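Read the structure below first, then the notes.
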Amino acid sequence: ANGSSKPSKKAKTSTKKSFKSKGKAKSSTEDDDDDDDDSVPAVVGIEMNQHVSLAFSLKYLVNFFKSASFSGKVQLLMSNDVPLLVAYDFTKGYIRYYLASHISDD
Numbered sequence: 001a002n003g004s005s006k007p008s009k010k011a012k013t014s015t016k017k018s019f020k021s022k023g024k025a026k027s028s029t030e031d032d033d034d035d036d037d038d039s040v041p042a043v044v045g046i047e048m049n050q051h052v053s054l055a056f057s058l059k060y061l062v063n064f065f066k067s068a069s070f071s072g073k074v075q076l077l078m079s080n081d082v083p084l085l086v087a088y089d090f091t092k093g094y095i096r097y098y099l100a101s102h103i104s105d106d
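Counting in UniProt numbering, the sequence shown runs from 1 upward without gaps.
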């Protein structure tokens, strides 16, 4: 014991995340450093075939995304004419959630 009681410093580590998006008008890539030691590199891909304008209940979306911890990939498929499809794929199966959008009272 040297009499010094300084707290030890934890080495700072970072995980690099890459975000990608692609559309008709532009394509971009953004890198983000994250200090979360437990995170895994994430890739976000966006493919747009048409413009969509939809509104969903956050209550249901929050419940759907609780399944995200079971899969490394989630797909959100949207169209103005059909319900939202939230899809998770696994080695031995899949989970699919469907949610109709809010209908406005205009």
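Glycine included, each C-beta is placed from N, C-alpha and C at the ideal position.
Owing to the predicted nature of the structure, the values given are computational and were not obtained by experimental measurement.
Beta-carbon proximity check, residue i vs residue j, cutoff 7 Å
i	j	result
residue 94	residue 83	no
residue 101	residue 56	yes
Close beta carbons around residue i, own chain, < 8 Å, minus the five adjacent residues each side
i	result
residue 103	none
residue 53	80
Closest Cα partner of residue i within the set the options
i	options	result
residue 49	88, 80, 68, 101	80
7 Å CB neighbourhood of residue i in its chain, flanking five on each side removed
i	result
residue 71	88, 89, 90
residue 60	99
Range of the contiguous beta strand (DSSP E) that encloses residue i
i	result
residue 82	82-90
residue 58	Residue 58 -> not in any beta strand (DSSP E); alpha helix (DSSP H) instead, spanning 58-64.
residue 72	Counting along the chain, residue 72 falls outside any beta strand (DSSP E), and DSSP gives it neither H nor E.
residue 99	93-99
Contacting residues, own chain, Cβ-Cβ under 6 Å from residue i (five flanking each side not counted)
i	result
residue 67	88, 95
residue 77	85
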